[in-house]
Amino acid sequence: AQSVTQLGSHVSVSEGALVLLRCNYSSSVPPYLFWYVQYPNQGLQLLLKYTTGATLVKGINGFEAEFKKSETSFHLTKPSAHMSDAAEYFCAVSVRTDKLIFGTGTRLQVFP
Amino acid sequence: KAGVTQTPRYLIKTRGQQVTLSCSPISGHRSVSWYQQTPGQGLQFLFEYFSETQRNKGNFPGRFSGRQFSNSRSEMNVSTLELGDSALYLCASSFGGGAGETQYFGPGTRLLVL
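Residue numbers (my numbering), protein chains in the order written: chain A, 124 to 235; chain B, 342 to 455.
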């Protein structure tokens with residue numbers, strides 16, 4: 124069975140600081156990995172995804188993530204946080220279909 | 342293209358009632374999935390429909406059901422509502438529901454059961 128673990132339910136950074144949101148997965152077959160963002164009272168928006176090929180994936184709004192098979196990780200980073208990045212971020216995995224298994228989410232706060 | 346739309350956006354029901362939520366996928370998308378989001382359980386997969394057939398099902402009781410129409414629009418129904426059914430119900434669509442495909446989410450229907 125597949126699973127996703129997001130370390131840290133809350134992360135706080137200052138505006139302009141590095142954002143690092145951690146995600147580890149468990150899967151017996153090669154996974155597809157996703158990061159979604161959810162703003163208050165909205166649905167989920169795809170930030171980026173890893174399917175095959177290049178392990179460093181660039182997404183929208185300056186975010187990127189690196190697939191590290193040896194560490195079973197897919198951490199999300201952004202070099203410089205902006206106030207508008209404050210939201211909840213979900214890491215998810217899928218395998219044979221597009222059914223998503225989500226982590227518990229990380230709420231990102233950005234302070235001025 | 343218009344995104345995924347869900348109606349209604351907000352709903353208040355009482356225990357024992359039933360409710361029907363609607364989802365219109367992105368034009369051309371044939372796969373529709375439903376997820377329940379609660380503070381306690383997070384985001385959980387309910388079921389997926391493709392070409393009017395339920396192709397995948399999560400671990401929810403039979404009170405939760407769905408269907409898909411020939412135009413790919415989908416509805417989910419919850420019968421005999423319980424307080425614990427209060428949640429944000431999210432619909433997502435993708436072209437074929439295949440491995441690695443991106444799911445596009447609607448804004449959700451927030452259901453409150455009193």
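We treat Cβ as the ideally placed atom computed from N, Cα and C, and that holds for glycine.
The three-state reading of DSSP puts A:E194 in helix, counting H, G and I together.
Look at the beta carbons and you see the stretch 162-174 of chain A not touching the stretch 131-142 of chain A: under three pairs across the two are nearer than 8 Å.
With contacts defined as CB atoms closer than 8 Å, B:S427 and B:R371 fail to qualify as a contacting pair. Using a Cβ-Cβ cut-off of 7 Å, B:Q444 is close to D221 and L223 of chain A, given in chain order. A Cβ-Cβ separation of about 6 Å places B:V360 in contact with B:L452 under the 8 Å criterion. One thing to note: A:L167 has its Cβ no nearer than 8 Å to the Cβ of A:F186. A:P235 has its alpha-carbon roughly 12 Å from the corresponding atom of A:S203. In this chain, the beta strand (DSSP E) harbouring B:M417 covers S415 to V419.
According to DSSP, A:T128 shares a beta bridge with A:N147.
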